[in-house]
Amino acid sequence: MSYPIRDIDGVDDTVARALRKAGIRTTERLLEAAKDAPGRKALAAKTGLEERFLLTCANAADRLRVPGLGKGNAALMRHAGVETVRELKHRNATRLHNAMVQANKKRGLVKFAPNEDLVRRWIEEAGTLPLKIKY
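The opening residue of the sequence shown carries number 17 in my numbering; numbering runs sequentially from there.
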C-alpha cells in the first residue's frame, strides 16, 4: 500500500514540498528513489535535503509497508526503537509491545497502544516483506 508523502513520520510541509518538486508524491515513489546510496545522493541533489535524512524518511516509508501498521503506529514503533523493517522482523513481540506502550505513554502518538498479538502479527508480516532499502 502506498501513502501520500506527507504521511511519513518526520515529513513536514517544507520537506513534502521539496520531495513533490522532485516528483515524489507517495511512499512508494520515495522508496524507489531512495532505495540505495546512489539514489539518495541523486535525490538529495534534486531536493536540497540531506542524504541521511532521506534515508530516515525512506525507512519510515518502508515501515508503512507492513500491513495494518498505519502511520501512527509506524511513528510509535520508531519511538520504541525500531527504525527499519529489517529490524522489525527480528524483534521480540513482548519486548517491543512493552516499549511501544511506554513510548506511547510518553508521547501520546496513538489513542490506544497496540496489543501484543497485533505487534506479533506485524513482526510476522515484516518477515514476509522483501527488503527494499540497501544501506
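Backbone N, C-alpha and C fix where the C-beta goes; we use that ideal spot for every residue, glycine too.
Between the CA atoms of residue j and residue i - distance to the nearest angstrom
i    : j    : result
L104 : H113 : 12 Å
H106 : A32  : 31 Å
L92  : A119 : 7 Å
D23  : V98  : 18 Å
DSSP beta-bridge partners of residue i
i   : result
T42 : P20
Sub-9 Å separation of residue i and residue j beta-carbons
i    : j    : result
A76  : A96  : no
K148 : V101 : yes
L125 : V82  : no
A109 : E132 : yes
I40  : L59  : yes
A50  : A74  : yes
L65  : A34  : yes
L134 : G88  : no
R94  : D29  : no
Helix, strand or coil at residue i [DSSP, three-state]
i    : result
L145 : coil
F69  : helix
P61  : It should be noted that the sequence gives Ala, not Pro, for residue 61. DSSP places A61 in helix when its eight states are reduced to three.
K105 : coil
P54  : helix
E99  : coil
G88  : helix
A129 : coil
V31  : helix
K121 : helix
R111 : helix
L134 : helix
beta-carbon residue i near the ligand HEM non-hydrogen atom, thresh 8 Å
i    : result
A115 : Because no ligand of any kind appears in the structure shown, any question about the ligand HEM cannot be addressed here.
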